[in-house]
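Report on one structure; see the data block that follows.
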Amino acid sequence: MTKYHPDTRFLTDYSAGSLPESQALCVAAHLHYCPACRTKVSELTQVGSEIFLSQEREEVSEDCFDRIMAKLSDLPATDTQSESSTSASLAATGQVIEPEPAKDKYVNDLPRAIQKLTGGSIEKMRWRKIGKSFRYSDINMGDDKRETSLLHIKAGGNVPKHQHGGDEITVILKGSFSDQEDHYHVGDYIVRTSGEMHTPVASQDEDCLCLATLDAPIVMNNWFYRLLAPLF
Ligand SMILES: [Zn+2]
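Heads up: the sequence shown is residues 0 to 231, going by numbering that gives the first Met the number 0.
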C-alpha cells in the first residue's frame with residue numbers, strides 16, 4: 000500500500016539516532032505504517048549496535064524513538080497500544096507506560112508519537128486556517144532550523160499553491176492527496192526539494208491529515224497569501 004519510503008540515508012540516520020528530531024518524527028510516523036522499513040530499521044540498529052559494541056564496551060545510547068517521545072513528554076500522554084516494532088522493543092526494556100486519557104476514534108490508529116501530540120483529539124490542538132479547506136497546527140520540536148506541523152485538508156480541498164524555500168518531508172496520516180506528480184496514500188513519505196512548486200489536493204471522499212517538516216518557510220504564490228504571510 001505504502002509506495003513512498005524514506006531512502007536508506009534517512010533510515011540509517013534514524014537508526015543511528017543522528018536525524019534531527021523533526022525529521023525523525025516523520026520517519027517514526029512512516030514506520031508505523033510500513034513493516035518493510037521497520038524491518039530495515041531493526042536490521043540497521045542491530046548492525047549499528049554490533050559495530051558500536053565491537054569498538055567500545057559502553058552502554059548503547061537511547062534510541063531515536065525514545066528521544067522523540069522524551070521530546071514530547073511535556074504534552075498530554077495518550078495511548079500506548081498501537082506501537083511500531085521499534086517502540087515495542089522499548090517497552091520490553093522497561094519503558095514507563097503512561098496513563099491513557101480519553102481520545103476520539105479519529106486519533107486511535109495514528110502513530111503513537113502523533114497521538115501524544117494531539118492529546119487525544121485533533122480538535123484540542125491549536126489550528127491556523129489558510130483559506131476554506133486548509134489548516135495547520137505547529138509542533139514545537141525545539142528545532143529552530145525546521146518548522147514542523149500537522150496539516151489538515153478538507154475532503155476535496157487543497158493546500159494553497161506554494162513553492163519550497165527548503166526541503167519538505169510530508170507523511171500522510173489519514174486520507175490521501177494528489178499533486179501534479181502522483182496520488183499519495185496513508186503512510187507515504189514524500190520529499191519535496193527546494194524550488195519545487197505544488198498544489199496538493201485532498202481526495203473527495205475523506206479529509207487528509209499529514210505531518211510535515213520543512214527546512215525553511217514556504218513561499219505562497221497567490222498574492223493574497225503573500226500579503227497574509229507575515230500574519231502567520
Ligand atoms: Zn517504508
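C-beta atoms are modelled at their ideal positions from N, C-alpha and C, and glycine is treated no differently.
query: In angstroms, rounded to a whole number, what distance separates the CA positions of K153 and E122?
result: Counted from its first residue, the sequence shown places residue 153 at position 154. Counted from its first residue, the sequence shown places residue 122 at position 123. Approximately 14 Å between the Cα atoms of the pair.
field: Whole-number beta carbon distance between L30 and V40, since they are thought to touch under 8 Å
entry: Taking the first residue of the sequence shown as position 1, residue 40 is located at position 41. Taking the first residue of the sequence shown as position 1, residue 30 is located at position 31. Indeed, because the Cβ distance is near 6 Å, the residues count as touching under 8 Å.
message: Check whether the region 15-24 and the region 129-147 touch, using three or more Cβ-Cβ pairs below 8 Å as the test.
response: yes
message: Let's see if you can read the secondary structure: which residues bound the alpha helix (DSSP H) around E20?
response: Locating residue 20 in the sequence shown gives position 21, where the first residue counts as 1. First-last of the alpha helix (DSSP H) with E20: 20-32.
- prompt: Quick one: Cα of H182 to Cα of M124, how far?
  reply: For this step, residue 182 is matched to residue 183 along the sequence shown. For this step, residue 124 is matched to residue 125 along the sequence shown. Each residue's Cα considered, the two are about 28 Å apart.
query: Would P34 be called buried (16 or more neighbouring beta carbons within 10 Å of its own) or exposed?
result: In the sequence shown, the residue the question calls residue 34 occupies position 35. When all chains shown are included, P34 counts as exposed.
message: Among T1, F133, D65, S17, whose alpha-carbon lies nearest the alpha-carbon of P199?
response: Taking the first residue of the sequence shown as position 1, residue 199 is located at position 200. For the residues T1, F133, D65, S17, the minimum Cα distance to P199 belongs to F133.
field: Near ligand 1: T1 beta-carbon under 7 Å from a heavy atom
entry: Indexing the sequence shown from 1 puts residue 1 at position 2. Yes, the Cβ of T1 comes within 7 Å of a heavy atom of ligand 1.
task: Note the first and the last residue of the continuous beta strand (DSSP E) segment covering T147.
output: Translated into positions along the sequence shown, residue 147 becomes position 148. Start and end: 146-152.
task: Could you have a look at D137 and say whether DSSP puts it in helix, strand or coil?
output: Counted from its first residue, the sequence shown places residue 137 at position 138. Three-state DSSP puts D137 in a strand.
- prompt: How long is the line joining the alpha carbons of Q179 and L210, rounded to whole angstroms?
  reply: What you label residue 179 is simply residue 180 of the sequence shown in a count that begins at 1. What you label residue 210 is simply residue 211 of the sequence shown in a count that begins at 1. Q179 and L210: Cα-Cα distance of roughly 20 Å.
field: Nonlocal neighbours in the same chain, by C-beta distance under 6 Å from T44, ignoring five residues either side
entry: Taking the first residue of the sequence shown as position 1, residue 44 is located at position 45. Cβ neighbours of T44 beyond the five flanking positions: S14.
query: Measuring CB to CB, does E205 end up less than 8 Å from G174?
result: Counting from 1 along the sequence shown, the entry for residue 205 is found at position 206. Counting from 1 along the sequence shown, the entry for residue 174 is found at position 175. Going by C-beta atoms, E205 is nearer than 8 Å to G174.
field: Among S120, L149, M68, K115, the one whose alpha carbon lies nearest that of R127
entry: Residue 127 sits at position 128 when you count from the first residue of the sequence shown. Minimum Cα distance to R127 is reached at L149.
message: What does the alpha-carbon distance come out to for the pair F176 and S193?
response: Numbered from its first residue, the sequence shown carries residue 176 at position 177. Numbered from its first residue, the sequence shown carries residue 193 at position 194. Cα to Cα, the separation comes out at about 20 Å.
- prompt: Any idea what DSSP makes of S167, helix, strand or coil?
  reply: Position 168 of the sequence shown, counting from 1, holds the residue named residue 167. For clarity, residue 167 is Glu in the given sequence; the question names Ser instead. Strand.
- request: Measure the Cβ-Cβ separation of Y32 and T11 and say whether it is below 8 Å.
  value: The residue you call residue 32 lines up with position 33 of the sequence shown. The residue you call residue 11 lines up with position 12 of the sequence shown. Contact: no.
task: Output yes or no for whether 8 Å exceeds the beta carbon distance between H151 and I171.
output: Against the sequence shown, residue 151 aligns to sequence position 152. Against the sequence shown, residue 171 aligns to sequence position 172. Cβ distance not < 8 Å, so H151 and I171 don't count as in contact.
- prompt: Is H29 near ligand 1, judged by its Cβ being under 7 Å from some heavy atom?
  reply: What you label residue 29 is simply residue 30 of the sequence shown in a count that begins at 1. Under cutoff, so the answer is yes.
- request: Leaving out five residues on either side along the sequence, give the residues of the same chain with a beta carbon under 6 Å from the beta carbon of E82.
  value: Along the sequence shown, read from residue 1 onward, the residue named residue 82 stands at position 83. Residue placement at E82 cannot be trusted, given a pLDDT of 39 that sits under 50; what the coordinates show is reported in the next sentence. Excluding positions up to five away in sequence, the list reads R111.
query: Alpha carbon to alpha carbon, what distance is there between E167 and N157?
result: The residue given as residue 157 occupies position 158 in the sequence shown. The residue given as residue 167 occupies position 168 in the sequence shown. Rounded to the nearest angstrom, the two C-alpha atoms are 17 Å apart.
Whether K104 touches G119 by CB criterion (8 Å): Within the sequence shown, numbered from 1, the residue matching residue 104 stands at position 105. Within the sequence shown, numbered from 1, the residue matching residue 119 stands at position 120. Not closer than 8 Å, so no.
- request: Taking the CB atoms as reference points, tell me whether P19 and R191 lie closer together than 8 Å.
  value: Here residue 19 is taken as the residue at index 20 of the sequence shown, counted from 1. Here residue 191 is taken as the residue at index 192 of the sequence shown, counted from 1. Not in contact: P19 and R191 (Cβ atoms no closer than 8 Å).
task: Determine the DSSP secondary structure at S177, reduced to helix, strand or coil.
output: As a first step, residue 177 is located in the sequence shown; it is residue number 178 there, counting from the start. Strand, per DSSP.
message: Please determine whether the Cβ atom of H151 lies at a distance below 7 Å from any heavy atom of ligand 1.
response: Residue mapping note: residue 151 aligns to position 152 of the sequence shown, counting from 1. Flag unset: Cβ of H151 not near ligand 1.
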